[in-house]
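For the sequence shown, numbering that gives the first Met the number 0 assigns the number 150 to the last residue and increments by one with no breaks.
Written below as structure tokens is the structure these notes are about.
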Amino acid sequence: MARQVEFRVGEGEVVLADVNAPLSTLIFPLLELVVLTGVAWIAIGWMDITPGIPPVVRNLVVALWALLAFLRFLLPLLRTRRRRFIVTDRRVLARGRSGSVDSIPLRQIHSVRRSRGGIDLGIYGFGSPIHFEHVGKSRQVEKVLHSRLRR
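Dropping the structure here:
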């Protein structure tokens, strides 16, 4: 069934759909960044006008803000943009959250449907469908897969 492969389209394969995770998956990390930035820079502004607070403390708060912004926004942004779902004329390639790549030949897929912002693929030999979460343009991907499975 699904095997770990290099994330590359083979020679002679035609790409029918190539999508990344939608940007809507970054709504909550963006809101966290806005709140974090507001609170941190209010504290920094207060430290600037308050006498007796050493500049080292202010610089530590700025460094802490930068670290948290990286961990809570930039890291999820990079992880989300790495997720990828490709449908070719021969197989489905999917790179998930962990970075592992699944390659599923189209002849092993018996059904496709959209579910919770992702795609469920029914695979012969499996009791339940495999769910790929956060597939961008899932409606179009579902249509492409349905058209390939009818052949």
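Glycine included, every Cβ here is placed at the ideal spot set by N, Cα and C.
This structure is a prediction, so every number in the text was calculated from the model and none was measured.
{"Item": "Could you give the distance in angstroms between the alpha-carbon of residue 135 and the alpha-carbon of residue 23?", "Value": "9 Å"}
{"Item": "Considering Cα atoms alone, identify which of 77, 79, 33, 129 is closest to residue 91.", "Value": "129"}
{"Item": "Within 10 angstroms of the Cβ of residue 110, are there 16 or more other Cβ atoms? Answer buried if so, exposed if not.", "Value": "exposed"}
{"Item": "Note down the Cα distance separating residue 65 from residue 73, rounded to an integer number of angstroms.", "Value": "10 Å"}
{"Item": "Check the DSSP bridge columns for residue 117 and list the partner residues they point to.", "Value": "114"}
{"Item": "By how many angstroms is the C-alpha of residue 118 removed from the C-alpha of residue 1?", "Value": "Note on residue 1: pLDDT 48, under 50, position unreliable in the model; no value is reported."}
{"Item": "DSSP state of residue 13, grouped into three classes?", "Value": "coil"}
{"Item": "With a Cβ-Cβ cutoff of 9 Å, do residue 133 and residue 16 count as a contact?", "Value": "no"}
{"Item": "What number of angstroms, rounded off, separates the C-alpha of residue 144 from the C-alpha of residue 124?", "Value": "19 Å"}
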